[in-house]
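Residue numbers (the numbering used here), protein chains in the order written: chain A, 1 to 116; chain B, 1001 to 1115. We put the beta carbon where it would ideally sit given N, CA and C, even for glycine.
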Amino acid sequence: ETGVTQTPRHLVMGMTNKKSLKCEQHLGHNAMYWYKQSAKKPLELMFVYNFKEQTENNSVPSRFSPECPNSSHLFLHLHTLQPEDSALYLCASSHLSPLAGTGELFFGEGSRLTVL
Amino acid sequence: AQSVTQLGSHVSVSEGALVLLRCNYSSSVPPYLFWYVQYPNQGLQLLLKYTSAATLVKGINGFEAEFKKSETSFHLTKPSAHMSDAAEYFCAVTVSGAGSYQLTFGKGTKLSVIP
């Protein structure tokens, strides 16, 4: 399997549930990202991991908890979400080194989250 | 900090007509510029990129874009629209440097193709 794979593709959860989104990349990249895409809003960068270390957290509420056990896997743990958290969550990966890439991101197909 | 502005949140063209999607950027250092396409219920796919080589960049599916420094623009064009081009298009900018790359995305332009 190649590219960036996200599971599940669709998730419906109640406000008191705990669930996780999973992302796996098979591109040999060493940076991974979570983006949130809501209707009528620009893409919002949530978290960035370089070599498994979190380097960015763009003021994301603590009900979103990322985990990056290795450079190929990224999780987004969800708990006590709000209806306004309903969105498409996109995982992406990239090279870090300027010599190995030119900054483009490779995206998964996204996990569509609905919070009831 | 860098930014991009996409003019027009929605563009409609007839099948076979020219596609022109506009993007202007702001960056204090030479930028890297990208166009991504997103089909319904899909992730973003890279269409083309400018990384300081040729100013006219050709991408997939017959799209191309021209980097114009004097106009701080990177407009996306395709000579003849096809029904399969209907999607949302995002312009993005970043700069090279140590550490992770972070793209700044525009708000997107939704392209409709009328038969």
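Counted within 10 angstroms of its Cβ, other Cβ atoms place residue i as buried (16 or more) or exposed
i: histidine 1075(B); result: buried
i: methionine 46(A); result: buried
i: glutamine 1006(B); result: buried
i: phenylalanine 1063(B); result: buried
i: serine 1026(B); result: exposed
i: proline 66(A); result: buried
i: phenylalanine 118(A); result: Outside the modelled stretch of chain A, which goes from 1 to 116, sits residue 118(A), for which no answer is possible.
Listed by chain order, chain B residues near residue i by CB distance under 8 Å
i: glutamate 67(A); result: The premise fails here: glutamate 67(A) is roughly 17 Å from chain B at the closest Cβ pair, so nothing lies under 8 Å.
i: glycine 110(A); result: Asn1041, Gln1042, Gly1043
i: leucine 76(A); result: Here the premise fails: no neighbours, minimum Cβ distance about 15 Å.
Residues that residue i contacts on chain A, provided the C-beta gap is smaller than 9 Å
i: leucine 1046(B); result: Glu104, Leu105, Phe106, Phe107
i: glutamine 1002(B); result: Residues of chain A passing the Cβ test: none, with the nearest at roughly 11 Å.
Closer than 8 Å at the beta carbon, the chain A residues around residue i
i: glycine 1106(B); result: Pro42
Collapsed DSSP secondary structure at residue i in the structure displayed
i: glutamate 129(A); result: Residue 129(A) is absent from the model: chain A starts at 1 and stops at 116.
i: serine 1027(B); result: coil
i: asparagine 1061(B); result: helix
i: methionine 13(A); result: strand
i: serine 1014(B); result: strand
i: serine 1052(B); result: coil
i: serine 1084(B); result: helix
i: proline 66(A); result: strand
i: glutamate 24(A); result: strand
i: alanine 1098(B); result: The predicted position of alanine 1098(B) is uncertain, since its pLDDT is 45 and thus under 50; no value can be drawn from it.
i: serine 38(A); result: coil
i: serine 94(A); result: strand
i: glutamine 1042(B); result: coil
i: alanine 1001(B); result: coil
i: valine 60(A); result: coil
i: phenylalanine 75(A); result: strand
i: threonine 1077(B); result: strand
i: leucine 105(A); result: coil
i: serine 111(A); result: strand
i: threonine 7(A); result: strand
Supposed close pair residue i, residue j - CB separation, criterion 8 Å
i: glutamate 104(A); j: leucine 1046(B); result: 5 Å
i: tyrosine 1089(B); j: phenylalanine 1067(B); result: About 17 Å; that fails the 8 Å criterion.
i: leucine 76(A); j: valine 115(A); result: Contact doesn't hold; Cβ gap of about 14 Å is too wide.
i: isoleucine 1114(B); j: serine 1009(B); result: 17 Å between Cβ atoms; not a contact.
i: leucine 27(A); j: serine 93(A); result: 6 Å
i: methionine 32(A); j: cysteine 91(A); result: 7 Å
Through-space distance from residue j to residue i, alpha-carbon basis
i: leucine 1018(B); j: threonine 1104(B); result: 27 Å
i: alanine 1098(B); j: alanine 1086(B); result: With a pLDDT of 45 at alanine 1098(B), under the threshold of 50, the modelled position of this residue cannot be trusted; read the value that follows with caution. Cα to Cα, the separation comes out at about 36 Å.
i: asparagine 57(A); j: leucine 78(A); result: 15 Å
i: leucine 43(A); j: glycine 1016(B); result: 30 Å
i: leucine 1021(B); j: proline 1040(B); result: 18 Å
i: tryptophan 1035(B); j: proline 69(A); result: 31 Å
i: lysine 22(A); j: tyrosine 89(A); result: 10 Å
i: leucine 1033(B); j: aspartate 85(A); result: 29 Å
i: phenylalanine 64(A); j: asparagine 1024(B); result: 33 Å
i: proline 1031(B); j: serine 1052(B); result: 8 Å
i: threonine 5(A); j: serine 1028(B); result: 35 Å
i: serine 1073(B); j: methionine 13(A); result: 42 Å
i: lysine 40(A); j: valine 1093(B); result: 20 Å
i: valine 1106(B); j: serine 59(A); result: According to the sequence shown, residue 1106(B) is glycine rather than valine. About 20 Å.
Chain-ordered chain E contacts of residue i [CB-CB under 8 Å]
i: leucine 21(A); result: In the structure shown, chain E cannot be found, because the protein chains are A and B.
Chain B contact residues for residue i, given Cβ-Cβ distances below 7 Å
i: glycine 28(A); result: Here the premise fails: no neighbours, minimum Cβ distance about 15 Å.
Amino acids of chain A, ordered along the chain, whose beta-carbon sits closer than 7 Å to that of residue i
i: phenylalanine 1034(B); result: Glu104
Proximal chain B residues relative to residue i, where beta-carbon distance stays under 9 Å
i: leucine 45(A); result: Gln1102, Leu1103, Thr1104, Phe1105
i: leucine 81(A); result: Within 9 Å Cβ-Cβ: nothing; leucine 81(A) doesn't reach chain B, min ~21 Å.
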